[in-house]
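Heads up, the final residue of the sequence shown is numbered 85 in the working numbering, and it's a clean run with no missing numbers. Cβ coordinates follow ideal geometry from the N, Cα and C atoms, glycine included. These figures come from a predicted structure and were not determined experimentally. Following: one structure in structure tokens, then a few remarks.
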Amino acid sequence: MEQNPFKNDHDLKRKLDQYEVHVPEFTIKSSKWDRLIYFLAQPAKNPLERIGSKKHGFLSMKLFPLGAMVIVSVVEGILLFF
Numbered sequence: 004m005e006q007n008p009f010k011n012d013h014d015l016k017r018k019l020d021q022y023e024v025h026v027p028e029f030t031i032k033s034s035k036w037d038r039l040i041y042f043l044a045q046p047a048k049n050p051l052e053r054i055g056s057k058k059h060g061f062l063s064m065k066l067f068p069l070g071a072m073v074i075v076s077v078v079e080g081i082l083l084f085f
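What follows is the structure in structure tokens.
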């Protein structure tokens, strides 16, 4: 495919060459306040994404609180009787 399909159209080329585009210069460095706002506005990463993407990830996310509850209950029961 040809890169510029209007290459042979001299009238169009002449009309387009009449226009000049002036690009204003912008400051590249942002202020500390802008950088802080940009940092705070970034979306947070999901900490459970790595676990949930594994084969048994969702099952382990459901069973982990249950196992932790059983362990805490056993420790409380042991401490209650001693």
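| Item | Value |
| --- | --- |
| Mind listing, in chain order, the continuous alpha helix (DSSP H) runs of no fewer than 4 residues lying wholly within the stretch 50–79? | 52–55 |
| Report the rounded CA-to-CA distance for L15 versus F9, giving the unit in angstroms. | 7 Å |
| Can F61 and G70 be called in contact, C-beta distance under 7 Å? | no |
| Can you find the residues in the same chain that come closer than 8 Å, C-beta to C-beta, to I31, ignoring five residues on each side of it along the sequence? | none |
| From the DSSP output, in three-state form, read off A44 for me. | helix |
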